[in-house]
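In the working numbering, the protein residues as written are 375 to 585.
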């Protein structure tokens, strides 16, 4: 009839419902086909900081060479002759008059030579930052050089102290008032040697961090 609306109910058959896919959003981490997407994460480069430590190691070794070699040269070239002397008496001070100063020169020369020879091994650590054996070798010999250089610097420091202050109990007078240049040069050499000891200690710490 006119004015009347007829409602027609259309019922889907099971066959028609089976062919339709549900309209669902694709979950994150899955493709449109429903399979999970595997994300490949690149591993972090762990050799960056080790390579930086190796570069710093080379710089410190060059600084240690300068300190140890400077200490050996300064002590080895130390001598002073006082202007007042006669034909039979000559007042002169040289480093080889004291065995402690002679040992000081030899020990610092050995330390400087070792640091120079160890630079190629340190360069290997730059190219191969994950290498373990070169680091162990460097740390072992660095520790040996610490003992050698510290003993030499400590022995020379005791002589320099006596030269500045003397020892009234042993009747050893202070000579730095007369041999002023000699005492200044020996004091500077001892300071440079202790700087090389500090450099060697830092090198051992760097090797420990790298391992």
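Beta carbons are placed, not taken as given, at the ideal position from N, Cα and C, and that holds for glycine.
Legend entry - Cβ contact check for the segment 538-551 and the segment 512-526: 3 or more pairs under 8 angstroms: Contact fails: fewer than three Cβ-Cβ distances are below 8 angstroms.
Legend entry - Residue interval of the alpha helix (DSSP H) (run including residue 578): For the purposes of this step, residue 578 is identified with residue 204 of the chain shown, where counting begins at 1. For residue 578, the enclosing alpha helix (DSSP H) begins and ends at 554-584.
Inset, instruction - Inspect the beta-carbon positions of residue 570 and residue 483 and report whether they are closer than 8 angstroms. - result: Numbered from 1 along the chain shown, position 196 holds the residue referred to as residue 570. Numbered from 1 along the chain shown, position 109 holds the residue referred to as residue 483. Residue 483 is positioned such that its CB atom lies no closer than 8 angstroms to that of residue 570.
Inset, instruction - Note down, in chain order, each residue of its chain lying with its Cβ closer than 8 angstroms to the Cβ of residue 578, except the 5 sequence neighbours on either side. - result: Counting from 1 along the chain shown, the entry for residue 578 is found at position 204. Within the same chain, residue 578 has close Cβ partners 513, 516, 517, 520.
Legend entry - Residue from 557, 445, 567 whose Cα sits closest to the Cα of residue 533: Your numbering for residue 533 matches position 159 in the chain shown. Measuring from the Cα of residue 533, the nearest candidate turns out to be 557.
Inset, instruction - Compare the beta carbon distance of residue 445 and residue 573 with 8 angstroms and say whether it is the shorter of the two. - result: As a working mapping, residue 445 is identified with position 71 in the chain shown. As a working mapping, residue 573 is identified with position 199 in the chain shown. Annotated as distal: residue 445 and residue 573, with beta-carbon spacing of 8 angstroms or more.
Inset, instruction - Could you say which of 433, 468, 452, 477 lies nearest to residue 522 if we only look at CA atoms? - result: As a working note, residue 522 is residue 148 in the chain shown. The shortest C-alpha separation from residue 522 is found at 477.
Inset, instruction - Put residue 539 into one of helix, strand or coil per three-state DSSP. - result: To locate residue 539, count along the chain shown from 1; it is residue 165. Of the three classes helix, strand and coil, the one that applies to residue 539 here is helix, per DSSP.
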